[in-house]
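Top to bottom, those sequences are chains A and B. Numbering of the first sequence is given in our numbering, commencing with residue 6 and proceeding in unit increments. Numbering of the second sequence is given in our numbering, commencing with residue 78 and proceeding in unit increments. Ideal placement from N, C-alpha and C gives every residue a C-beta, glycine not left out. It should be emphasised that the depicted structure is a prediction, and the values quoted were computed from it without experimental measurement. To keep things clear, I will list the structure first and then write my remarks on it.
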Amino acid sequence: MSENPDRGWFDDVDPDGLEGAREAIEEGRADAPADWPALAVEAGFAVDEDAYYDRLHEATTMAARETIREREAADDRQLVHAVRAMDDCERTANELAERLAEWAGTVDPDARTGVDYARELASRADVPPEERRLVSLADRVVGLADEAAALRAFVEERTPVVAPNLAALAGPVLAARLISLAGGLESLAKKPSGTVQVLGAEDALFAHLHGRAPSPKHGIIYVHDAVRGTHPENRGSAARALAGKLAIAARVDHYSGELKPELEAELDDRIATIQARTDSGGDTDE
Amino acid sequence: MSDNLPAGVERRDFDGVDRLATRGEPVYGEPTDGEWRAWDPTRSKLGAMFELGMEGGFDGGDTVLYLGAASGTTVSHVADFAGPTYAVEFAPRPARDLLSAAESRPRLFPLLADARTPETYAHVVESDVDAIVQDVATRGQARVALENRRFLADDGRLLLAVKARSEDVTRDPADVFADVEAELEAAYEILERRRLEEYHTDHLGIVARPR
Ligand SMILES: C[S@@+](CC[C@H](N)C(=O)[O-])C[C@H]1O[C@@H](n2cnc3c(N)ncnc32)[C@H](O)[C@@H]1O
């Protein structure tokens, strides 16, 4: 049987460390199958067929796991674009809504700023010809706001797939923003927690490094309840604790993809402790 | 009920309902009873084929090539009762769950590959498997079965679920099935065919052996 022209996946694979196994499985080719278990034993790759199947299981699951992780990681690019587009649509809708309010104020005594007013204006029937442009602009504002909402729904749905632990801890939108600010899940996973803590506060950090400002305590993680819900005095500690867990979550998501619900419980514990400090501190200080 | 069930597949009582079951870790939230897990025929074409009494020709410890493993719903049951089970799936997303199913099943081998190109996994999947189970639900289902004939032992069995709508949504399923069967005849002799209607709309179950 060893004159079989095709080679098994195991031919150049180290039987112990299974080095090269993934490449051999994914890149290998053979026109016809063969009695691979017997051939592998004959070639000394495994002592018997049971041992061969054990190695095959290890090799195929390892190869599949890595491929899945790589393809899913590619999805973080999609997420980065989507969350940036969402922010752009929201910001543009709000800016245009202001422009619209200013203009509408000249013809409508009840003109207000905001997307809700734009929606009202856009749905108006019997528009006199001189107000057509105004109403058409309102229509664009509404369209942008709707697109922003649709993008938000997309981000909320995709983030838990790309980064389940980070999404659970930060909420899907903040998680997507962190990934976006870092430039991808892999780069986020490689950042120390101190950097995660100030992501989004680059301007303040820059000023600080040039001696023009105090060091920023937090970047966009400020919007997280753990920070916002904590007394200003202790927000630094809260931000540090949160950033620490977020950094771990990003690493788990990038490197293993396993679910670690305990991270959330640990964070809640830690934040409760920090917040208790202010409560009891307040009692003793006064 | 004449029991054509493979060894390791049993009818058991789950909350007063008689259901197919295998022994293994649960995979898709199916009810369990001790080590046994119910096999839901509405979520599995092979489960439906067994439920309808189709004869798969399994005789214990069989080697199986499974094409279209998706998230592992059916192939996990197969690995529970069969021997070495090669699971081919080309979409990475469902394969993540397939991977979890494989974790507790040491003889289930996940392969991210395209079932239309067997040469990309013939260096891994062994020759002379006892059964090919196919549920790919894409256009060209007969072609996939023909291409994979090379893996099957001469006395092995093909257990094929054909989804009519995957071939052509506009045609009458009966016509689609007739074409698929005619195409299969090139390499297989059809032993049994049954519509799976009770469990899966517009699906045909086929058991065949190589010519
Ligand atoms: C109906 S689902 C299979 C469900 C599965 N057999 C079960 O019962 O648990 C069909 C699967 O076949 C996969 N598939 C379709 N074409 C394929 C191909 N050419 N190669 C491998 N997998 C394919 C699809 O990605 C999909 O996951």
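Can you check whether the C-beta of residue i is within less than 8 Å of a C-beta belonging to chain A?
i        : result
B/Val155 : no
B/Glu196 : yes
B/Val201 : yes
B/Ser121 : no
B/Phe228 : yes
B/Leu189 : yes
B/Ser204 : yes
B/Ser79  : Its pLDDT being 48, under 50, B/Ser79 is placed unreliably in this model, and the value from its coordinates should be taken loosely. Output row for B/Ser79: interface = no.
B/Arg18  : This structure gives no information on residue 18 of chain B, because the portion of chain B shown stretches from 78 to 288.
B/Pro108 : no
Any beta-carbon of chain B closer than 8 Å to the one on residue i?
i        : result
A/Pro197 : no
A/Ile73  : yes
A/Asp36  : yes
A/Asp11  : yes
A/Glu8   : The pLDDT assigned to A/Glu8 is 45, lower than 50, so where the model puts this residue is not dependable; a value taken from the coordinates is nonetheless given after this. False, the Cβ-Cβ gap to chain B never drops below 8 Å.
A/Arg293 : The displayed coordinates of chain A run from 6 to 291. Any statement about residue 293 of chain A would go beyond what the structure contains.
A/Trp108 : no
A/Ala39  : yes
A/Ile30  : yes
A/Gly33  : yes
A/Pro42  : yes
A/Asp59  : yes
A/Glu77  : yes
A/Ala296 : Nothing in the structure corresponds to residue 296 of chain A, since chain A is present only between 6 and 291.
A/His213 : no
A/Thr65  : yes
A/His259 : no
A/His236 : no
A/His62  : yes
By a C-beta neighbour count over all protein chains shown, 10 Å radius and 16 as the cutoff for buried, is residue i buried or exposed?
i        : result
A/Pro38  : buried
A/Ser185 : buried
A/His86  : exposed
B/Glu203 : buried
B/Phe158 : buried
B/Gly289 : Absent from the structure is residue 289 of chain B, since the part of chain B shown begins at 78 and ends at 288.
B/Ala115 : buried
A/Ile134 : Per the sequence presented here, residue 134 of chain A reads as Pro, with Ile not at that position. When all chains shown are included, A/Pro134 counts as exposed.
B/Pro118 : buried
B/Ala84  : exposed
B/Tyr265 : buried
B/Phe135 : buried
B/Met78  : Confidence is the limiting factor: at B/Met78 the pLDDT is only 45, short of 50, which leaves the residue's position unreliable and the question unanswerable from this model.
A/His215 : exposed
B/Arg96  : buried
A/Leu193 : buried
A/Phe211 : exposed
A/Ser261 : exposed
B/Val246 : exposed
A/Leu264 : exposed
A/Gln83  : exposed
A/Ala45  : buried
B/Ala259 : exposed
A/Val112 : exposed
B/Thr162 : buried
A/Thr66  : buried
B/Ala255 : exposed
Compute the beta-carbon to beta-carbon distance between residue i and residue j, rounded to the nearest angstrom, for a pair I have assumed lies under 8 Å.
i        : j        : result
A/Val140 : A/Val146 : No, A/Val140 and A/Val146 are not in contact; Cβ-Cβ is about 11 Å, not under 8 Å.
B/His200 : A/Arg12  : 7 Å
A/Leu251 : A/Leu174 : 6 Å
A/Gly205 : A/Gly234 : 19 Å between Cβ atoms; not a contact.
B/His154 : B/Thr109 : Actually they are not in contact, since the Cβ atoms of B/His154 and B/Thr109 sit about 13 Å apart, beyond 8 Å.
A/Arg76  : B/Thr197 : 16 Å between Cβ atoms; not a contact.
Measuring only from the beta carbon, is residue i closer than 7 Å to any heavy atom that is part of ligand 3?
i        : result
B/Asp212 : What this structure holds is ligand 1, not ligand 3.
Could you give the uninterrupted runs of the alpha helix (DSSP H) lying entirely in the stretch 114-171 of chain B, keeping only those of 4 residues or more?
122-128, 150-158
Give the list of continuous beta strand (DSSP E) stretches no shorter than 3 residues that lie fully inside the stretch 181-234 of chain B.
185-189, 206-211
Can you list the alpha helix (DSSP H) stretches of 4 or more residues lying completely in the stretch 195-244 of chain A, in chain order?
198-203, 207-214, 230-233
Against chain C: residues of the stretch 159-188 of chain B by CB proximity under 8 Å
Any reference to chain C falls outside this structure, whose protein chains are A and B.
Suppose only complete runs of 3+ residues qualify. What are the beta strand (DSSP E) ranges in the stretch 10-78 of chain A, listed by chain order?
none
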